[in-house]
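Taking it in order: structure first as structure tokens, then the write-up.
Residue numbers (UniProt numbering): 1 to 416.
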């Protein structure tokens with residue numbers, strides 16, 4: 001029996017299962033957590049086999065807990081206790097996804113306990129000794145491109161693939177004014193990567209967003225969605241982001257190509273500004289001098305590595321919100337990425353979507369991602385677009401790209 005499967009069941013289904021197992025004392029008046037514990041106790045008595053999985057968080061005292069994605073990797077009622085001896089024996093760290101046999105809590109205990117480690121990141125636990133620490137990887141420029149083109153009607157991804165190509169290990173900023181379509185763009189980006197690169201591990205991280213946007217993202221995106229909504233305290237925003245980053249690092253150590261889509265780095269910066277002890281050095285807008293250290297470490301973790309996998313982070317940065325703090329946060333992150341895509345309110349007001357400011361958008365070292373032929377054609381296109389206004393450039397791109405079925409066909413027209 002799997003604890004994670006039990007947690008996904010509704011109260012009615014759990015009640016039916018409890019009756020089948022003939023749970024002692026009956027099930028009347030029990031809440032979902034109590035019912036789950038009773039079912040596990042009955043199953044353990046029957047054949048002793050109860051398994052579960054979760055993402056490890058190691059505490060300061062040496063023990064840890066397996067956190068559930070249902071609670072966005074934060075403390076929850078169904079966490080699983082991991083002893084210090086198990087953590088030392090298998091060299092486990094925060095962010096490892098651990099699965100194994102568990103037992104229900106005893107009379108004076110609050111948590112389930114891990115009895116045996118079966119797998120770490122879907123591999124035998126012994127393989128952890130072969131992994132190189134993320135911090136010891138050699139960072140490189142991205143040299144393998146994500147193909148974002150899915151179909152001829154997905155103009156956003158076709159144009160983005162041309163003007164701001166993304167490679168594995170990219171550190172990108174989507175600079176967005178309000179109401180320019182950044183959320184829809186992130187959805188399309190996640191689904192394009194999922195369709196063309198299904199082996200990648202994809203995480204959408206929503207910080208300080210509206211609850212309905214979280215639901216919409218979960219229903220429309222083929223990726224793990226982790227969130228901390230605007231009605232949660234800033235401490236929670238910080239904890240969620242840290243767990244996602246640690247989980248991503250552990251996956252890269254195992255050779256995976258991981259993609260984090262963060263909305264937004266600005267609000268993560270705000271959360272850290274509210275949480276850290278104030279140093280006395282205050283920047284304009286009320287931003288503490290040390291507040292952006294952790295958000296910079298988050299964004300700075302994105303890299304292509306020589307020895308293992310890659311970590312791609314594409315984060316939105318909010319501008320022109322009317323908040324001086326947001327402007328200061330953006331200025332601190334400006335230039336830290338190696339890819340930038342600018343969204344312009346003037347275009348969205350005219351209902352021109354995607355609202356890309358093509359002239360301000362681009363990718364550093366794009367010659368590592370594009371073929372010589374593609375690079376030559378893009379130089380011709382850039383030269384042509386730089387002589388136009390923002391609106392004219394986007395109208396030109398939309399008009400020309402609609403006439404062709406693929407980007408290859410579109411680039412071929414550049415030589416005519």
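Even glycine gets a Cβ: it sits at the ideal position worked out from N, Cα and C.
Given that a residue counts as buried once 16 or more other Cβ atoms are within 10 Å of its Cβ, and exposed if not, what is residue i?
i, result
"residue 231", "exposed"
"residue 138", "exposed"
"residue 16", "exposed"
"residue 122", "exposed"
"residue 256", "buried"
"residue 62", "exposed"
"residue 400", "exposed"
"residue 70", "exposed"
"residue 159", "buried"
"residue 59", "exposed"
"residue 14", "buried"
"residue 100", "buried"
"residue 35", "buried"
"residue 295", "buried"
"residue 375", "exposed"
"residue 171", "buried"
"residue 208", "buried"
"residue 278", "exposed"
"residue 38", "buried"
"residue 82", "buried"
"residue 33", "exposed"
"residue 239", "buried"
"residue 43", "buried"
"residue 11", "exposed"
"residue 282", "exposed"
"residue 408", "exposed"
"residue 127", "exposed"
"residue 303", "buried"
"residue 72", "buried"
Just to check my reading of the structure: residue i and residue j have Cβ atoms closer than 8 Å, yes? What is that Cβ distance to the nearest angstrom?
i, j, result
"residue 317", "residue 173", "5 Å"
"residue 192", "residue 221", "That belief does not hold up - the Cβ atoms of residue 192 and residue 221 are roughly 11 Å apart, past 8 Å."
"residue 157", "residue 149", "6 Å"
"residue 242", "residue 206", "Wrong, their Cβ atoms sit about 15 Å apart, outside the cutoff."
"residue 212", "residue 405", "Rounded, the Cβ-Cβ distance is 35 Å, inconsistent with contact."
"residue 310", "residue 252", "7 Å"
"residue 299", "residue 265", "6 Å"
"residue 250", "residue 95", "4 Å"
"residue 80", "residue 65", "6 Å"
"residue 284", "residue 328", "6 Å"
"residue 347", "residue 394", "6 Å"
Give the range of the beta strand (DSSP E) segment to which residue i is assigned.
i, result
"residue 343", "339-343"
"residue 100", "97-103"
"residue 187", "Per DSSP, residue 187 belongs to no beta strand (DSSP E); it is in the alpha helix (DSSP H), 182-196."
"residue 172", "171-176"
"residue 118", "112-120"
"residue 206", "201-209"
Which stretch, first to last residue, makes up the alpha helix (DSSP H) that contains residue i?
i, result
"residue 230", "Counting along the chain, residue 230 falls outside any alpha helix (DSSP H), and DSSP gives it neither H nor E."
"residue 410", "407-412"
"residue 223", "Segment: none, residue 223 is in no alpha helix (DSSP H) and carries neither H nor E."
"residue 265", "265-275"
"residue 148", "Per DSSP, residue 148 belongs to no alpha helix (DSSP H) and is neither H nor E."
"residue 375", "372-385"
"residue 160", "155-163"
"residue 396", "390-402"
Verify the contact flag: residue i, CB atom, against every heavy atom of the ligand ADP, threshold strictly below 7 Å.
i, result
"residue 172", "No copy of the ligand ADP occurs in the structure displayed, which carries no ligand at all."
Using 8 Å as the cut-off, can you tell me whether the segment 360-378 makes contact with the segment 312-324, which would need three or more C-beta pairs spanning the two stretches below that distance? no
To test your reading of the DSSP string, which unbroken alpha helix (DSSP H) runs of 4 or more residues are found completely within the segment 287-335? 293-300 and 324-333
Decide yes or no for the touch test of the segment 177-186 against the segment 118-135: beta carbon pairs closer than 8 Å, at least 3 of them. no
Would you check if there are 3 or more beta carbon pairs closer than 8 Å linking the segment 99-115 to the segment 221-228? no
At least three beta-carbon pairs within less than 8 Å, the segment 250-264 to the segment 188-202: yes
Could I get the ranges of all uninterrupted beta strand (DSSP E) runs contained in the segment 62-92, with 3 residues as the minimum, in chain order? 64-67 and 80-82
Using 8 Å as the threshold, is the segment 341-361 in touch with the segment 387-394, meaning 3 or more CB pairs across them? yes
Specify whether the segment 1-10 and the segment 44-55 touch according to this definition: at least 3 beta carbon pairs, one from each stretch, less than 8 Å apart. yes
Quick check on the DSSP output: what are the complete beta strand (DSSP E) runs of length 3 or more inside the segment 1-61, in order along the chain? 51-58
Output the residue ranges of the beta strand (DSSP E) runs that lie fully inside the segment 236-264 and measure 3 residues or longer, sorted by chain position. 257-263
Evaluate the contact criterion for the segment 287-298 versus the segment 268-277: three or more CB pairs, one atom per stretch, below 8 Å. yes
Closer than 8 Å is the cut-off here; do at least three beta carbon pairs connect the segment 86-100 with the segment 110-120? yes
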